[in-house]
Each structure stands twice: as structure tokens, then as C-alpha cells.
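All the letters of the sequence shown, read from the start, carry residue numbers 19 to 391 under my numbering.
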Amino acid sequence: GPDGMFSYEKIKSMGKEGVYLGISDTMQTTTSGRLVGALVACYRVTKNPLALKLAGGYARGVMEHSFTDDGRLTDDASNHIHSITSSLSGILDYAFLTGDDKMADKVLRVYKNGLREFMSSYGWVKEQAWLETDQGESNQVGDVIEMLLLFAKHRDPAYYAEAEKYMRSALLPQQVIDNSFIEDNPEPKGDYQRDMPRRIIGGFGFATPRAHLQQEWSAINTIDITEGAVQAICEFARHIITRDDLGIRVNLLFGWENEYARTESSLPVKGQIKIYPKLTDSLLVRIPGNIRKGSFKIYGPEGERKYTAVQNYALVSAKKGEEITVRFAPLMTEKGEFIYHRFYGVRYYGEQCVWVSGEGGVYPLFGEFVPEE
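This is the structure we're talking about:
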């Protein structure tokens, strides 16, 4: 429509209403909002200005009708949080691409004021907004991580800490790596029930704050949920090691390799990361939070190497091919928090959640954790 809203009447005039059966004009994030990210991607590949124009119309319409000025959700935002978060990640991408700071500011307000009610401190996100349930969904965890990566790149690198916390504490633990509780179906009704124990490995689904499954019969993973999680992991990987005017940056303390450097991470069991630069340049390493004061140190072949603090990074000089070792002492801390009306104890080791209290659910997200002294 002219105001950027999805128009069911226009769809009917085209004879396409059957495709949108059950979708109304008021469900903006589930329709036009989720198209924004795809349209921006289309524009980047094709340079078609119409794709960017349509993305802008949808982005403005969704932000106006689905969220209040202070970032709260309206009825037009719908009940489906993945639709909300996927809309926001695409809209934020559009805002930074076009230099629309006001739109980016409002997305940040929605994240801080509208979404936090449905999230945990470690990144778990509810599936449905207003239902009294503890079922989450991996898709929206990935969406939020992608938003944080964009804010870190375009606004403040400090957002990388939150992105890493959510990846380590919420998204990666939700990947299925155990099939011992899955029974094979001797009479499958279709391909989706064939060879389930083998095919379930690696997928993502609808975790509670502390377990993969709400009940024994709950859905453990689906293709579309897995796709959304993998998309976020791929985008995350692009930000682990970057380079800019200041030098090579290790933004996310994971093991990785690209044209700038190779990293080997001992997290979460040990506060150590080794870096092997592929270029002679300045090296900036993100200083993690929740570590013992004074424990962050950098070592080169000659011994301890003094660094300069630049925002939340440690800057040192580095030569191509040398081994740089970064060491720090993560702290074990525990806090209590309400995660959508239920109280949980949450334990962190450094920036990573390693335990959540409570009972119920099948296949816990967090197993026994023993840090390396």
C-alpha cells in the first residue's frame, strides 16, 4: 500500500488471495516486514533500485505501525517473535545501508524496550509473545545476534560482547548433538519420519530456557529453524576477524581463519586465545567481560607484550607469522533472573552461560561444566 503496509485488498485484486490465506492486513511483521532483509539482499546482488525502494517502503511502514516511538510492540507487530526479529534485522540492515540513523535508533529502542521482556540475559528468546509458555525458538536468537553484529559494525564494537554471549550461551547449545533419546519410526508416514536418529543430528528447534524439548512430544528441530540458525552462524563467522584502518581486529573470541589471521580459542574451559597474524600490522583483541581484574595479558615470542586500551580492545603491534597468546581469568558468577514470569538461577563462566536452574524439559542445554584451572 501507499503507506508501506501490506495490502490484502491489492492481493485480492490480483487473484492471489489463496496464497495469503489466513494473513490479514494487520500482521505486518509476518508479511512485509520479513521481506525487507530479502529485498536488501536482492538489491546488493542485482543493484535493482526497485528492490531497495520496496524495502524502504515496507521498512518505514512496519516501524511506524508495529512499534511505538519508545520501542514497545503494538498489536500490528503480531504474536510471532521470529517475524518481529527477522523484520528488525532486515530493517536494520536497510537503515545502515541507506544511512537512516533515525530508523536504526528506533530498532535499537525496540531491542532494548520491546524484546527484552521475552528474552533471557544469555540470549534465549520466546517463540510466541503473549502465550504463557517457556518454548523458545532458535531462529530469533539468530536474528538478534545478526542485529547485534550490525550495531557492532556500524555503531559501537562493544555490541560484539553481547553477540558472542548469545552465540555461546543460547544458539550453539540449542544445536542437537545427541540422539540417544530419539526412537526410529518403523512405519514412517513420509520422508520427514524416516531415519530420524541419524538425520536429527545438527538441527535446531524450539528450546526452553534450559532444555531442548518442553515435552517428550515437542518438536526438536525443523528445516526452517535450522536454516535460520545456520544463517546467523555464517554471518557471525564473517565478524570474528576483520581489518580496518586501525589494524587486524579479533572481535569474537572463537577459533577461525581468514586472509588476515588464524585464531585458536581455548574457551570456554580456559581463558586463552592464540593468534597467528598473516600480515604485519597492528592487532586489536576484544577484552572480554566478567574476568578477574588485571588478568588480561598478551604475550609474544619475547614474553609479555604491553598493550594500549582502545575502547574495549587491546592494541599491540604484530608481525606476520608470529604467535600471539592472549590470556585472562574468567570469573564464575551466579545471578537470579525472571525469564518471562519464571525465576531461574543462571551461572556464568566469563561471558558464557554454563548452567540454568530448574526442572522439567527433555535433553538439557547445559551439561556438567568443569573449567580448566
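Ideal Cβ positions, reconstructed from N, Cα and C, are used throughout, including at glycine.
Bridge-paired residues (DSSP) for Met-350: The beta-bridge partner set that DSSP reports for Met-350 consists of Tyr-367.
Counted within 10 angstroms of its Cβ, other Cβ atoms place Met-350 as buried (16 or more) or exposed: Its Cβ having fewer than 16 others within 10 Å, Met-350 is exposed.
Beta carbon of Asn-131 nearer than 8 angstroms to that of Arg-173: Cβ atoms of Asn-131 and Arg-173: not closer than 8 angstroms.
Close beta carbons around Thr-392, own chain, < 7 angstroms, minus the five adjacent residues each side: Missing from the structure shown is residue 392; the chain here goes from 19 to 391 and no further.
Buried versus exposed call for Gln-210 [16 or more other C-beta atoms within 10 Å across all chains shown]: It should be pointed out that residue 210 corresponds to Tyr in this sequence rather than to Gln. Burial call: exposed.
Contacting residues, own chain, Cβ-Cβ under 7 angstroms from Ser-410 (five flanking each side not counted): With the chain covering only 19 through 391, there is no way to say anything about residue 410.
Minimum C-alpha distance to Phe-136 - residue among Lys-124, Val-159, Gly-376: Closest option to Phe-136, Cα to Cα, is Val-159.
Distance between Ile-29 and Pro-348 (C-alpha atoms, nearest Å): One C-alpha to the other measures close to 55 angstroms.
Best match in Asn-203, Arg-228, Leu-167, Tyr-178 for proximity to Gln-193 [C-alpha to C-alpha]: Ranking the options by Cα distance to Gln-193, first place goes to Arg-228.
Runs of alpha helix (DSSP H) lying entirely within the segment 217-302, each at least 4 residues, in chain order: Given a length threshold of 4 residues, each whole run of the alpha helix (DSSP H) inside the segment 217-302 is given here in chain order: 241-258.
Contact check, Gly-289 vs Ile-259, beta carbons under 8 angstroms: No, they are not a contact pair.
Bounding residues of the alpha helix (DSSP H) (the contiguous stretch that carries Ile-102): 99-116 is the extent of the alpha helix (DSSP H) around Ile-102.
Close Cβ partners of Pro-286 (< 8 angstroms) along its chain, the five nearest in sequence each way excluded: So the qualifying residues of the chain are Arg-186, Pro-348, Tyr-367, Gly-368, Gln-370, Val-372, Phe-387, Pro-389.
Helix, strand or coil at Arg-90 [DSSP, three-state]: Here Arg-90 sits in coil by DSSP.
Cβ pair count under 8 angstroms reaching 3, the segment 269-281 against the segment 177-191: Yes: the two stretches touch, three or more of their Cβ pairs being nearer than 8 angstroms.
Residue from Asn-157, Ile-305, Lys-337, Leu-133 with nearest C-alpha to Val-248: Among Asn-157, Ile-305, Lys-337, Leu-133, the Cα nearest to that of Val-248 belongs to Asn-157.
Rounded C-alpha distance that separates Ile-163 from Gly-55: Straight-line Cα distance between these residues: approximately 15 angstroms.
Proximity of Thr-343 and Tyr-317 at Cβ, strictly below 8 angstroms: With a cutoff of 8 angstroms on beta-carbon distance, Thr-343 and Tyr-317 are scored as near each other.
Helix, strand or coil at Gly-51 according to DSSP, with G and I counted as helix: In this structure, Gly-51 counts as helix in the three-state DSSP scheme.
Simplified DSSP state of Val-58, which is helix, strand or coil: When DSSP states are grouped into helix, strand and coil, Val-58 belongs to the helix group.
Thr-64 versus Phe-254: straight-line alpha-carbon distance, rounded: If I take the Cα positions, the gap works out to 24 angstroms.
Reduced DSSP secondary structure (H/G/I, E/B, other) of Phe-136: Helix.
Cutoff 8 angstroms; reference Arg-295; Cβ partners in own chain excluding five residues on either side: Reading off the sequence, residue 295 comes out as Pro, not Arg. In its chain, beyond the 5 residues on either side, Ile-266, Tyr-278, Ala-279, Leu-301, Ala-336, Lys-337, Lys-338, Gly-339, Glu-340, Ile-342 have a beta carbon closer than 8 angstroms to the beta carbon of Pro-295.
Of the listed residues Asn-276, Leu-297, Lys-315, Thr-298, nearest to Ile-291 (C-alpha basis): Residue Lys-315 is the option with its Cα nearest to Ile-291.
Burial state of Ile-13 (16 or more Cβ within 10 Å): Not covered by the structure: residue 13. The range shown for the chain is 19 to 391.
Distance, Val-128 Cα to Thr-92 Cα: Computed Cα separation, rounded: 11 angstroms.
Backbone CA spacing between Asp-87 and Leu-166 [nearest angstrom]: Taking the straight line from one Cα to the other gives about 20 angstroms.
Run of the beta strand (DSSP E) containing Lys-144, from where it starts to where it stops: First-last for Lys-144: undefined, no H or E at that position.
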